[in-house]
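Engineer: Each residue of the sequence shown is one higher than the one before, counting from 164 in this note's numbering. Positions of the beta carbon are idealized from the N, C-alpha and C atoms, including for glycine. Everything numeric in this text was worked out from a predicted model, so none of it was measured.
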Amino acid sequence: MTSLLSVMSIFGGDKPWSPLDWTSSDDRVRGGCSISELTCNPLSPTAIFHGNLDIKTLGGAGFASQRTTGEDRSWDFSKYQGLVLDIAKSDEKQYALTLKDELLPKSPDGREQSTISWEYDFKVDSDGGKVYVHWDDFKATYRGREKKDAKPLDLKHVKRISFMMRSFFGTQEGDFSLSITSLSAFSKHDNVQNELYSDNPKEKAISQPTNGATTKDEEQGWFGWMFGSCVVS
């Protein structure tokens, strides 16, 4: 049995990818050697998150990520049930989707101050698929540790979205590549309203299996780790 969902594009789909929306946030800020890029343009249907994860420089730890640009951006996801990633192609490594609802001014040395991150970790088969992530699937973490007493994610004021590759305590390293068709917010068709972000992209309906996350009939991995500015493994 399937249920009809409404989907609002955030990146990709009805809202074309743009390199101006993304910037790197790699472990080089802590002396590491990892590097990431998000290769995209408005004429391409997919964005490619790729790079090289180095774990030797930091003794087994390391991370490479791309995050949204701008300190004053804000998305209102309060009328939606979660996010859906449409992956075109994967190297079958483990990745993370991260949200932040608070950004603090930079410290005197120019580094970003740590705030709580909300993270969902996933793996996708090589031929891709859709990953449905409900809000309850995101884990609150702070400086690399789960924070169970965190306040609920402020869905009305999500300020940053990130894609991340990390070592997961030395279990993966080297080149990585993930081709992403789109990132969207989803909700039941009879509840959704046309309000998400300031440019209000068009809405469309899709069918979703009632069991939640799928990648071409395979279950997605469900993990919880942290993307913090101080400790990431």
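With H, G and I counted as helix, E and B as strand and the rest as coil, what does DSSP make of residue 338?
Structural biologist: For the purposes of this step, residue 338 is taken as residue 175 along the sequence shown, with counting starting at 1. Looking at residue 338 - three-state DSSP - the assignment turns out to be strand.
Engineer: Have a look at residue 182 and residue 337 and give me their C-alpha separation to the nearest angstrom.
Structural biologist: Mapped onto the sequence shown, residue 182 falls at position 19. Mapped onto the sequence shown, residue 337 falls at position 174. Approximately 24 Å, taken between the alpha carbons.
Engineer: Identify the residues that DSSP records as bridge partners of residue 229: which are they?
Structural biologist: One-based indexing of the sequence shown puts residue 229 at position 66. For residue 229, which the question treats as bridged, DSSP gives the partners 187 and 326.
Engineer: Residue 325 and residue 261: beta carbons closer than 9 Å?
Structural biologist: Position 162 of the sequence shown, counting from 1, holds the residue named residue 325. Position 98 of the sequence shown, counting from 1, holds the residue named residue 261. For residue 325 and residue 261, yes; Cβs fall inside 9 Å.
Engineer: Can you have a look at residue 284 and say buried or exposed, based on whether 16 or more other CB atoms are within 10 angstroms of its CB?
Structural biologist: Counted from its first residue, the sequence shown places residue 284 at position 121. The residue in question, residue 284, is buried, as its Cβ has 16 or more Cβ neighbours within 10 Å.
Engineer: Name the residue from 351, 341, 246 and 347 whose alpha carbon lies nearest to the alpha carbon of residue 229.
Structural biologist: Taking the sequence shown and counting its residues from 1, the one referred to as residue 229 is at position 66. Out of 351, 341, 246 and 347, 341 has the C-alpha closest to the C-alpha of residue 229.
Engineer: For a test of the three-state rule: what should DSSP assign to residue 180, helix, strand or coil?
Structural biologist: Position 17 of the sequence shown, counted from the first residue, corresponds to residue 180. Three-state result, residue 180: coil.
Engineer: Which of the three DSSP states, helix, strand or coil, is assigned to residue 308?
Structural biologist: Along the sequence shown, one-based indexing puts residue 308 at 145. Correct three-state label for residue 308: strand.
Engineer: Would you mind working out which of 297, 280 and 334 sits nearest residue 309, comparing C-alpha positions?
Structural biologist: Looking up residue 309 in the sequence shown gives position 146. Residue 280 is the option with its Cα nearest to residue 309.
Engineer: Alpha carbon to alpha carbon, how far is residue 361 from residue 318?
Structural biologist: Within the sequence shown, residue 361 is the residue found at index 198, counting from 1. Within the sequence shown, residue 318 is the residue found at index 155, counting from 1. Its pLDDT being 40, under 50, residue 361 is placed unreliably in this model, and the value from its coordinates should be taken loosely. Their Cα atoms are separated by approximately 15 Å.
Engineer: I need the straight-line Cα distance from residue 265 to residue 315, nearest angstrom please.
Structural biologist: By one-based count along the sequence shown, residue 265 stands at place 102. By one-based count along the sequence shown, residue 315 stands at place 152. The straight-line gap from Cα to Cα measures roughly 12 Å.
Engineer: Confirm, please, whether the CB-CB distance from residue 245 to residue 348 is below 9 Å.
Structural biologist: Start at 1 with the first residue of the sequence shown, and residue 348 comes out as number 185. Start at 1 with the first residue of the sequence shown, and residue 245 comes out as number 82. It is a contact, given that the beta carbons lie within the stated cut-off.
Engineer: Looking at the strands, I want to know which residues DSSP matches up with residue 351.
Structural biologist: Within the sequence shown, residue 351 is the residue found at index 188, counting from 1. Its beta-bridge partners are 168.
Engineer: If you draw a straight line from the C-alpha of residue 327 to the C-alpha of residue 291, how long is it?
Structural biologist: Position 164 of the sequence shown, counted from the first residue, corresponds to residue 327. Position 128 of the sequence shown, counted from the first residue, corresponds to residue 291. Their backbone Cα atoms lie some 17 Å apart in a straight line.
Engineer: Ends of the beta strand (DSSP E) at residue 260?
Structural biologist: The sequence position of residue 260 within the sequence shown is 97, counting from 1. It spans 258-263 - the beta strand (DSSP E) in which residue 260 sits, taken as one unbroken run.
Engineer: Would you mind reading off the limits of the beta strand (DSSP E) that contains residue 281?
Structural biologist: Along the sequence shown, one-based indexing puts residue 281 at 118. Looking at the DSSP string, the run of the beta strand (DSSP E) that includes residue 281 is 280-285.
Engineer: Under 8 Å: do the region 292-302 and the region 199-206 share three or more Cβ pairs, one atom per stretch?
Structural biologist: Touching, no.
Engineer: Taking 9 Å as the threshold (C-beta atoms), are residue 175 and residue 220 in contact?
Structural biologist: Taking the sequence shown and counting its residues from 1, the one referred to as residue 220 is at position 57. Taking the sequence shown and counting its residues from 1, the one referred to as residue 175 is at position 12. No; because the gap between Cβ atoms is not below 9 Å, this pair is not in contact.
Engineer: DSSP on residue 249, reduced to helix/strand/coil?
Structural biologist: The residue given as residue 249 occupies position 86 in the sequence shown. Residue state, collapsed to three classes: strand.
Engineer: For residue 216 and residue 224, which I take to be in contact (beta-carbon distance under 8 Å), what is that distance rounded to the nearest angstrom?
Structural biologist: In the sequence shown, the residue the question calls residue 216 occupies position 53. In the sequence shown, the residue the question calls residue 224 occupies position 61. Contact flag wrong, Cβ pair sits at about 10 Å.
Engineer: Cβ atoms of residue 190 and residue 231: under 9 Å apart, would you say?
Structural biologist: The sequence position of residue 231 within the sequence shown is 68, counting from 1. The sequence position of residue 190 within the sequence shown is 27, counting from 1. Going by C-beta atoms, residue 231 is not nearer than 9 Å to residue 190.
Engineer: What number of angstroms, rounded off, separates the C-alpha of residue 333 from the C-alpha of residue 289?
Structural biologist: As a working note, residue 333 is residue 170 in the sequence shown. As a working note, residue 289 is residue 126 in the sequence shown. Near 22 Å, if we compare the C-alpha coordinates of residue 289 and residue 333.
Engineer: Would residue 265 count as contacting chain C if we go by Cβ distances under 9 Å?
Structural biologist: The structure shown has no chain C; it contains just one protein chain.
Engineer: What distance in whole Å lies between the Cβ atoms of residue 343 and residue 212, which are believed to be in contact at a cut-off of 8 Å?
Structural biologist: Within the sequence shown, the letter at position 49 stands for residue 212. Within the sequence shown, the letter at position 180 stands for residue 343. Right, their Cβ atoms sit about 6 Å apart.
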